[in-house]
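Worksheet: one structure, shown below.
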(Lines of atoms letter the chains of each structure in order from A; the text may use other names.)
(Lines give C-alpha, C1' and ligand atoms only; values in the text may rest on other atoms or scores of the structure.)
Protein backbone atom coordinates (compact mmCIF):
# COMPACT_ATOMS: atom_id res chain seq x y z
CA UNK A 1 0.00 0.00 0.00
CA UNK A 2 2.80 2.37 0.88
CA UNK A 3 4.56 1.58 -2.40
CA UNK A 4 1.35 2.29 -4.35
CA UNK A 5 0.94 5.70 -2.72
CA UNK A 6 4.54 6.60 -3.58
CA UNK A 7 4.07 5.42 -7.16
CA UNK A 8 0.88 7.48 -7.64
CA UNK A 9 2.54 10.52 -6.05
CA UNK A 10 5.59 10.33 -8.34
CA UNK A 11 3.37 9.83 -11.38
CA UNK A 12 1.31 12.91 -10.48
CA UNK A 13 4.49 14.94 -9.93
CA UNK A 14 5.80 13.93 -13.36
CA UNK A 15 2.54 14.94 -15.02
CA UNK A 16 2.55 18.26 -13.19
CA UNK A 17 6.13 19.05 -14.19
CA UNK A 18 5.37 18.16 -17.83
CA UNK A 19 2.37 20.45 -17.94
CA UNK A 20 4.35 23.23 -16.25
CA UNK A 21 7.17 22.92 -18.81
CA UNK A 22 4.71 22.84 -21.72
CA UNK A 23 2.84 25.97 -20.75
CA UNK A 24 5.81 27.90 -19.30
CA UNK A 25 7.11 30.34 -22.00
CA UNK A 26 9.33 32.40 -19.77
CA UNK A 27 13.07 32.81 -20.17
CA UNK A 28 16.06 33.65 -18.01
CA UNK A 29 18.45 36.47 -18.92
CA UNK A 30 22.04 36.25 -17.80
CA UNK A 31 24.00 39.44 -18.36
CA UNK A 32 27.76 39.30 -17.91
CA UNK A 33 29.43 42.16 -19.88
CA UNK A 34 30.28 42.00 -22.63
CA UNK A 35 28.06 38.85 -22.91
CA UNK A 36 24.34 38.59 -22.78
CA UNK A 37 22.79 35.13 -22.56
CA UNK A 38 19.12 34.41 -22.96
CA UNK A 39 17.94 30.89 -22.02
CA UNK A 40 14.62 29.09 -21.58
CA UNK A 41 13.39 29.15 -18.00
CA UNK A 42 12.73 25.40 -18.10
CA UNK A 43 16.29 24.67 -19.14
CA UNK A 44 17.60 27.13 -16.55
CA UNK A 45 15.66 25.37 -13.79
CA UNK A 46 16.96 21.96 -14.92
CA UNK A 47 20.53 23.27 -15.06
CA UNK A 48 20.19 24.90 -11.63
CA UNK A 49 18.86 21.74 -10.01
CA UNK A 50 21.52 19.64 -11.75
CA UNK A 51 24.26 22.02 -10.56
CA UNK A 52 23.04 21.81 -6.96
CA UNK A 53 22.93 18.00 -7.11
CA UNK A 54 26.40 17.79 -8.67
CA UNK A 55 27.80 20.23 -6.10
CA UNK A 56 26.21 18.26 -3.24
CA UNK A 57 27.61 14.97 -4.55
CA UNK A 58 31.06 16.51 -5.04
CA UNK A 59 31.12 17.91 -1.51
CA UNK A 60 29.90 14.61 -0.06
CA UNK A 61 32.56 12.68 -1.97
CA UNK A 62 35.23 15.11 -0.78
CA UNK A 63 34.09 14.69 2.82
CA UNK A 64 34.11 10.92 2.50
CA UNK A 65 37.58 10.88 0.96
CA UNK A 66 39.01 13.31 3.51
CA UNK A 67 37.64 11.16 6.40
CA UNK A 68 38.89 7.92 4.91
CA UNK A 69 42.27 7.87 6.75
CA UNK A 70 40.51 8.39 10.10
CA UNK A 71 38.03 5.61 9.38
CA UNK A 72 40.85 3.32 8.33
CA UNK A 73 42.67 4.15 11.57
CA UNK A 74 39.54 3.47 13.62
CA UNK A 75 38.94 0.21 11.77
CA UNK A 76 42.49 -0.93 12.44
CA UNK A 77 42.16 0.09 16.10
CA UNK A 78 38.95 -1.96 16.40
CA UNK A 79 40.61 -4.93 14.77
CA UNK A 80 43.61 -4.55 17.08
CA UNK A 81 41.32 -4.27 20.11
CA UNK A 82 39.40 -7.41 19.12
CA UNK A 83 42.67 -9.26 18.62
CA UNK A 84 43.90 -8.03 22.02
CA UNK A 85 40.71 -9.21 23.75
CA UNK A 86 40.97 -12.63 22.13
CA UNK A 87 44.64 -12.94 23.09
CA UNK A 88 43.80 -11.90 26.65
CA UNK A 89 41.10 -14.58 26.91
CA UNK A 90 43.45 -17.26 25.61
CA UNK A 91 46.17 -16.05 27.99
CA UNK A 92 43.82 -16.26 30.99
CA UNK A 93 42.74 -19.78 30.07
CA UNK A 94 46.37 -20.85 29.68
CA UNK A 95 47.23 -19.26 33.03
CA UNK A 96 44.44 -21.08 34.85
CA UNK A 97 45.49 -24.30 33.14
CA UNK A 98 48.97 -23.84 34.58
CA UNK A 99 50.58 -23.32 31.16
CA UNK A 100 52.47 -20.26 32.30
CA UNK A 101 54.89 -20.00 29.39
CA UNK A 102 52.04 -19.89 26.86
CA UNK A 103 50.09 -17.53 29.11
CA UNK A 104 53.01 -15.10 29.31
CA UNK A 105 53.56 -15.20 25.54
CA UNK A 106 49.90 -14.52 24.76
CA UNK A 107 49.67 -11.84 27.44
CA UNK A 108 52.78 -10.19 26.01
CA UNK A 109 51.18 -10.04 22.55
CA UNK A 110 47.94 -8.68 24.00
CA UNK A 111 49.95 -6.21 26.09
CA UNK A 112 51.68 -4.90 22.97
CA UNK A 113 48.37 -4.68 21.09
CA UNK A 114 46.57 -2.79 23.87
CA UNK A 115 48.25 0.55 23.37
CA UNK A 116 45.09 2.66 23.25
CA UNK A 117 43.10 1.33 26.23
CA UNK A 118 44.54 1.71 29.73
CA UNK A 119 42.30 -0.99 31.21
CA UNK A 120 43.36 -3.60 28.65
CA UNK A 121 46.97 -2.46 29.00
CA UNK A 122 46.83 -2.95 32.77
CA UNK A 123 44.98 -6.29 32.63
CA UNK A 124 47.39 -7.84 30.13
CA UNK A 125 50.47 -6.42 31.83
CA UNK A 126 49.44 -7.78 35.23
CA UNK A 127 48.56 -11.16 33.73
CA UNK A 128 51.95 -11.31 32.01
CA UNK A 129 53.70 -10.34 35.26
CA UNK A 130 51.94 -13.11 37.19
CA UNK A 131 52.72 -15.68 34.51
CA UNK A 132 56.38 -14.64 34.50
CA UNK A 133 56.43 -14.84 38.30
CA UNK A 134 54.98 -18.34 38.19
CA UNK A 135 57.90 -19.31 35.91
CA UNK A 136 60.30 -17.58 38.35
CA UNK A 137 61.37 -15.23 35.56
CA UNK A 138 61.60 -12.28 37.93
CA UNK A 139 63.43 -9.99 35.49
CA UNK A 140 60.61 -10.27 32.96
CA UNK A 141 58.04 -9.76 35.71
CA UNK A 142 59.81 -6.60 36.89
CA UNK A 143 59.93 -5.34 33.30
CA UNK A 144 56.13 -5.60 33.14
CA UNK A 145 55.83 -3.64 36.39
CA UNK A 146 58.14 -0.92 35.08
CA UNK A 147 56.10 -0.52 31.89
CA UNK A 148 52.85 -0.45 33.84
CA UNK A 149 54.08 2.23 36.22
CA UNK A 150 55.61 4.25 33.40
CA UNK A 151 52.24 4.51 31.66
CA UNK A 152 49.72 4.26 34.52
CA UNK A 153 51.69 6.04 37.22
CA UNK A 154 53.23 4.94 40.51
CA UNK A 155 49.84 5.09 42.29
CA UNK A 156 48.03 2.51 40.15
CA UNK A 157 46.32 0.33 42.76
CA UNK A 158 46.17 -2.94 40.82
CA UNK A 159 49.88 -2.74 40.02
CA UNK A 160 50.80 -1.97 43.64
CA UNK A 161 48.69 -4.86 44.96
CA UNK A 162 50.27 -7.29 42.52
CA UNK A 163 53.76 -6.03 43.31
CA UNK A 164 53.16 -6.45 47.04
CA UNK A 165 51.79 -9.97 46.67
CA UNK A 166 54.47 -11.21 44.27
CA UNK A 167 57.39 -9.57 46.11
CA UNK A 168 56.10 -11.13 49.32
CA UNK A 169 56.04 -14.53 47.64
CA UNK A 170 59.66 -13.95 46.55
CA UNK A 171 60.55 -12.94 50.15
CA UNK A 172 61.57 -9.44 49.11
CA UNK A 173 60.00 -8.01 52.21
CA UNK A 174 61.29 -4.43 51.88
CA UNK A 175 59.89 -4.00 48.36
CA UNK A 176 56.65 -5.71 49.39
CA UNK A 177 56.34 -3.36 52.36
CA UNK A 178 56.83 -0.29 50.16
CA UNK A 179 54.22 -1.49 47.66
CA UNK A 180 51.58 -2.39 50.26
CA UNK A 181 52.16 0.87 52.14
CA UNK A 182 51.56 2.82 48.92
CA UNK A 183 48.43 0.77 48.23
CA UNK A 184 47.04 1.42 51.70
CA UNK A 185 47.66 5.14 51.31
CA UNK A 186 45.27 5.02 48.35
CA UNK A 187 42.63 2.85 50.07
CA UNK A 188 43.34 2.52 53.82
CA UNK A 189 40.34 0.24 54.48
CA UNK A 190 40.82 -2.19 51.59
CA UNK A 191 40.63 -5.63 53.26
CA UNK A 192 42.63 -7.35 50.51
CA UNK A 193 45.52 -4.96 51.16
CA UNK A 194 45.26 -5.55 54.91
CA UNK A 195 45.40 -9.32 54.38
CA UNK A 196 48.55 -9.02 52.27
CA UNK A 197 50.11 -6.76 54.90
CA UNK A 198 49.12 -9.26 57.60
CA UNK A 199 51.01 -12.01 55.78
CA UNK A 200 53.97 -9.66 55.38
CA UNK A 201 54.08 -8.71 59.08
CA UNK A 202 53.83 -12.38 60.03
CA UNK A 203 56.85 -13.11 57.83
CA UNK A 204 58.69 -10.16 59.38
CA UNK A 205 57.80 -11.48 62.86
CA UNK A 206 56.24 -8.20 63.87
CA UNK A 207 53.60 -9.28 66.44
CA UNK A 208 52.48 -5.75 67.33
CA UNK A 209 51.58 -4.98 63.70
CA UNK A 210 49.95 -8.41 63.34
CA UNK A 211 47.67 -7.82 66.33
CA UNK A 212 46.66 -4.40 65.02
CA UNK A 213 45.82 -5.77 61.57
CA UNK A 214 43.86 -8.70 63.00
CA UNK A 215 41.73 -6.26 65.01
CA UNK A 216 41.03 -4.19 61.88
CA UNK A 217 40.12 -7.25 59.82
CA UNK A 218 37.87 -8.58 62.57
CA UNK A 219 36.02 -5.27 62.88
CA UNK A 220 35.46 -5.20 59.12
CA UNK A 221 34.22 -8.82 59.25
CA UNK A 222 36.92 -9.90 56.79
CA UNK A 223 38.20 -12.60 59.16
CA UNK A 224 36.29 -15.11 61.25
CA UNK A 225 36.80 -15.20 65.00
CA UNK A 226 38.43 -18.64 65.05
CA UNK A 227 41.09 -17.66 62.53
CA UNK A 228 41.65 -14.34 64.31
CA UNK A 229 42.13 -16.10 67.65
CA UNK A 230 44.66 -18.50 66.13
CA UNK A 231 46.70 -15.63 64.66
CA UNK A 232 46.52 -13.65 67.90
CA UNK A 233 47.84 -16.60 69.92
CA UNK A 234 50.77 -16.98 67.53
CA UNK A 235 51.47 -13.22 67.82
CA UNK A 236 51.36 -13.35 71.63
CA UNK A 237 53.80 -16.25 71.62
CA UNK A 238 56.06 -14.27 69.30
CA UNK A 239 55.94 -11.36 71.75
CA UNK A 240 56.98 -13.69 74.57
CA UNK A 241 59.96 -14.89 72.55
CA UNK A 242 61.05 -11.43 71.39
CA UNK A 243 60.59 -9.47 74.61
CA UNK A 244 62.03 -11.15 77.73
CA UNK A 245 60.05 -10.14 80.83
CA UNK A 246 60.45 -10.52 84.56
CA UNK A 247 57.83 -12.51 86.45
CA UNK A 248 56.10 -9.29 87.52
CA UNK A 249 56.11 -7.89 83.98
CA UNK A 250 54.81 -11.18 82.65
CA UNK A 251 52.01 -11.18 85.21
CA UNK A 252 51.01 -7.62 84.24
CA UNK A 253 51.20 -8.55 80.56
CA UNK A 254 48.91 -11.54 81.11
CA UNK A 255 46.41 -9.39 82.96
CA UNK A 256 45.96 -7.21 79.87
CA UNK A 257 45.07 -10.16 77.64
CA UNK A 258 41.44 -11.08 76.94
CA UNK A 259 40.44 -13.98 79.18
CA UNK A 260 39.62 -16.35 76.33
CA UNK A 261 43.08 -15.90 74.85
CA UNK A 262 44.89 -15.93 78.19
CA UNK A 263 43.37 -19.38 78.88
CA UNK A 264 44.28 -20.76 75.47
CA UNK A 265 46.20 -24.04 76.03
CA UNK A 266 49.12 -23.14 73.74
CA UNK A 267 49.59 -19.69 75.23
CA UNK A 268 49.13 -20.96 78.78
CA UNK A 269 51.84 -23.56 78.17
CA UNK A 270 54.25 -20.86 76.96
CA UNK A 271 53.47 -18.57 79.92
CA UNK A 272 53.90 -21.41 82.41
CA UNK A 273 57.25 -22.35 80.86
CA UNK A 274 58.48 -18.76 81.27
CA UNK A 275 57.36 -18.67 84.90
CA UNK A 276 59.14 -21.95 85.50
CA UNK A 277 62.35 -20.67 83.90
CA UNK A 278 62.31 -17.73 86.32
CA UNK A 279 61.76 -19.99 89.33
CA UNK A 280 58.12 -18.98 89.79
CA UNK A 281 56.86 -22.57 89.88
CA UNK A 282 53.70 -21.77 91.82
CA UNK A 283 52.68 -19.15 89.27
CA UNK A 284 53.33 -21.72 86.55
CA UNK A 285 51.16 -24.24 88.40
CA UNK A 286 48.31 -21.78 88.85
CA UNK A 287 48.48 -20.73 85.21
CA UNK A 288 48.23 -24.32 84.04
CA UNK A 289 45.48 -25.24 86.51
CA UNK A 290 43.24 -22.34 85.51
CA UNK A 291 43.75 -23.07 81.80
CA UNK A 292 43.01 -26.78 82.31
CA UNK A 293 39.82 -25.99 84.21
CA UNK A 294 38.72 -23.70 81.39
CA UNK A 295 39.55 -26.12 78.55
CA UNK A 296 40.75 -29.67 79.07
CA UNK A 297 44.15 -30.32 77.53
CA UNK A 298 46.19 -33.47 77.96
CA UNK A 299 49.34 -31.60 76.95
CA UNK A 300 48.86 -29.07 79.75
CA UNK A 301 48.16 -31.85 82.23
CA UNK A 302 51.42 -33.53 81.27
CA UNK A 303 53.28 -30.22 81.68
CA UNK A 304 51.53 -29.78 85.05
CA UNK A 305 53.06 -33.03 86.25
CA UNK A 306 56.60 -31.97 85.31
CA UNK A 307 56.65 -28.94 87.62
CA UNK A 308 59.26 -29.28 90.36
CA UNK A 309 57.21 -28.57 93.49
CA UNK A 310 57.80 -29.95 96.97
CA UNK A 311 56.24 -29.91 100.44
CA UNK A 312 52.66 -28.95 101.04
CA UNK A 313 52.38 -27.39 97.59
CA UNK A 314 53.08 -30.83 96.09
CA UNK A 315 50.18 -32.27 98.12
CA UNK A 316 47.87 -29.59 96.73
CA UNK A 317 49.13 -30.32 93.24
CA UNK A 318 48.40 -34.03 93.68
CA UNK A 319 44.94 -33.34 95.11
CA UNK A 320 44.11 -31.12 92.14
CA UNK A 321 45.14 -33.86 89.71
CA UNK A 322 43.00 -36.40 91.57
CA UNK A 323 40.01 -34.05 91.23
CA UNK A 324 40.56 -33.97 87.48
CA UNK A 325 40.69 -37.78 87.43
CA UNK A 326 37.04 -37.89 88.53
CA UNK A 327 36.10 -35.99 85.39
CA UNK A 328 38.60 -37.66 83.02
CA UNK A 329 39.22 -41.20 84.31
CA UNK A 330 40.49 -42.53 80.97
CA UNK A 331 42.98 -39.82 80.06
CA UNK A 332 46.35 -41.58 79.77
CA UNK A 333 48.28 -38.31 80.16
CA UNK A 334 46.49 -37.51 83.41
CA UNK A 335 47.26 -40.99 84.75
CA UNK A 336 50.91 -40.50 83.75
CA UNK A 337 50.93 -37.14 85.58
CA UNK A 338 49.44 -38.72 88.71
CA UNK A 339 52.10 -41.42 88.58
CA UNK A 340 54.83 -38.80 88.43
CA UNK A 341 53.35 -36.80 91.31
CA UNK A 342 52.96 -39.92 93.46
CA UNK A 343 56.54 -40.87 92.69
CA UNK A 344 57.69 -37.43 93.87
CA UNK A 345 55.69 -37.99 97.07
CA UNK A 346 57.33 -41.42 97.35
CA UNK A 347 53.96 -43.15 97.09
CA UNK A 348 55.51 -46.05 95.19
CA UNK A 349 52.46 -48.31 95.03
CA UNK A 350 50.08 -45.61 93.81
CA UNK A 351 52.68 -44.38 91.33
CA UNK A 352 53.03 -47.89 89.86
CA UNK A 353 49.25 -48.26 89.66
CA UNK A 354 48.85 -44.98 87.80
CA UNK A 355 51.69 -45.77 85.37
CA UNK A 356 50.24 -49.20 84.62
CA UNK A 357 46.76 -47.69 84.12
CA UNK A 358 48.20 -45.15 81.68
CA UNK A 359 49.92 -47.92 79.72
CA UNK A 360 46.74 -50.00 79.71
CA UNK A 361 44.79 -47.16 78.10
CA UNK A 362 47.51 -46.12 75.66
CA UNK A 363 51.03 -47.62 75.69
CA UNK A 364 53.54 -44.81 75.20
CA UNK A 365 57.32 -44.79 75.31
CA UNK A 366 57.40 -42.21 78.09
CA UNK A 367 54.93 -44.13 80.31
CA UNK A 368 56.97 -47.33 79.95
CA UNK A 369 60.16 -45.35 80.70
CA UNK A 370 58.63 -43.77 83.83
CA UNK A 371 57.46 -47.16 85.10
CA UNK A 372 60.85 -48.68 84.29
CA UNK A 373 62.57 -45.91 86.26
CA UNK A 374 60.29 -46.51 89.23
CA UNK A 375 60.86 -50.28 89.18
CA UNK A 376 64.60 -49.72 88.82
CA UNK A 377 64.46 -47.45 91.86
CA UNK A 378 62.70 -50.28 93.73
CA UNK A 379 65.42 -52.70 92.53
CA UNK A 380 62.97 -54.79 90.54
CA UNK A 381 65.45 -55.13 87.70
CA UNK A 382 63.76 -57.79 85.58
CA UNK A 383 60.47 -55.89 85.38
CA UNK A 384 62.38 -52.66 84.86
CA UNK A 385 64.28 -54.09 81.89
CA UNK A 386 61.03 -55.30 80.34
CA UNK A 387 59.55 -51.80 80.38
CA UNK A 388 62.79 -50.21 79.14
CA UNK A 389 62.68 -52.55 76.14
CA UNK A 390 58.99 -51.78 75.59
CA UNK A 391 59.74 -48.05 75.70
CA UNK A 392 62.55 -48.43 73.17
CA UNK A 393 60.39 -50.55 70.86
CA UNK A 394 57.61 -47.93 70.82
CA UNK A 395 60.10 -45.11 70.28
CA UNK A 396 61.67 -46.89 67.30
CA UNK A 397 58.38 -48.05 65.78
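In UniProt numbering, the protein residues as written are 1 to 397. For each residue, glycine too, the CB sits at the ideal point set by N, CA and C. Remember, predicted model here, so these are calculated numbers, not experimental data.
Roughly how many angstroms lie between the CA atoms of residue i and residue j, to the nearest whole one?
| i | j | result |
| --- | --- | --- |
| residue 104 | residue 165 | 18 Å |
| residue 313 | residue 286 | 11 Å |
| residue 179 | residue 262 | 35 Å |
| residue 268 | residue 380 | 38 Å |
| residue 325 | residue 157 | 59 Å |
| residue 273 | residue 222 | 34 Å |
| residue 190 | residue 138 | 27 Å |
| residue 362 | residue 368 | 10 Å |
| residue 54 | residue 10 | 22 Å |
| residue 308 | residue 282 | 9 Å |
| residue 352 | residue 319 | 17 Å |
| residue 394 | residue 126 | 54 Å |
| residue 348 | residue 365 | 20 Å |
| residue 35 | residue 56 | 29 Å |
| residue 192 | residue 170 | 19 Å |
| residue 32 | residue 4 | 47 Å |
| residue 311 | residue 226 | 41 Å |
| residue 396 | residue 390 | 10 Å |
| residue 147 | residue 238 | 40 Å |
| residue 161 | residue 152 | 14 Å |
| residue 306 | residue 278 | 15 Å |
| residue 119 | residue 51 | 51 Å |
| residue 240 | residue 100 | 43 Å |
| residue 44 | residue 58 | 21 Å |
| residue 98 | residue 91 | 11 Å |
| residue 2 | residue 114 | 50 Å |
| residue 61 | residue 72 | 16 Å |
| residue 340 | residue 315 | 13 Å |
| residue 82 | residue 258 | 58 Å |
Opposite residue i in the DSSP bridges: which residues?
| i | result |
| --- | --- |
| residue 32 | 35 |
Does residue i pass the burial test, meaning 16 or more other C-beta atoms within 10 Å, or should it be called exposed?
| i | result |
| --- | --- |
| residue 358 | buried |
| residue 94 | buried |
| residue 7 | exposed |
| residue 84 | buried |
| residue 64 | exposed |
| residue 327 | exposed |
| residue 66 | exposed |
| residue 275 | buried |
| residue 74 | exposed |
| residue 48 | exposed |
| residue 235 | buried |
| residue 68 | exposed |
| residue 317 | buried |
| residue 343 | buried |
| residue 207 | buried |
For residue i, I'd like the list of residues in its chain whose CB is within less than 6 Å of its CB, leaving aside the five on either flank, ordered along the chain.
| i | result |
| --- | --- |
| residue 174 | none |
| residue 88 | 110 and 124 |
| residue 141 | 129, 132 and 133 |
| residue 431 | In this structure the chain extends from 1 to 397, so residue 431 is not present and cannot be described. |
| residue 371 | 355 and 387 |
Which residues in the same chain have their Cβ closer than 7 Å to the Cβ of residue i, if we skip the five residues on either side of it in sequence?
| i | result |
| --- | --- |
| residue 145 | 129, 159 and 163 |
| residue 265 | 291, 295, 297, 299 and 300 |
| residue 288 | 268, 272, 300, 303 and 304 |
| residue 186 | 155 and 157 |
| residue 376 | 384 |
| residue 177 | 200 |
| residue 254 | 262 and 271 |
| residue 202 | 210 |
| residue 167 | 175, 176 and 179 |
| residue 106 | 87, 90, 91 and 94 |
Going by beta carbon distance, what residues of the same chain come within less than 8 Å of residue i, once the five residues before and after it are set aside?
| i | result |
| --- | --- |
| residue 149 | 156 and 159 |
| residue 322 | 338 |
| residue 205 | 238 and 242 |
| residue 182 | 154, 155 and 160 |
For residue i, verify whether its CB is less than 7 Å away from any heavy atom of the ligand GTP.
| i | result |
| --- | --- |
| residue 39 | Ligands in the displayed structure: none, and consequently the ligand GTP is not present. |
Cβ contact (3+ pairs, closer than 8 Å) linking the region 215-225 and the region 238-255:
The way I'd put it, the region 215-225 doesn't touch the region 238-255; fewer than three beta-carbon pairs between them come closer than 8 Å.
Within 8 Å, do at least three Cβ pairs link the region 314-334 to the region 344-362?
Using a C-beta cut-off of 8 Å, the region 344-362 makes contact with the region 314-334, since at least three inter-stretch Cβ pairs fall below that distance.
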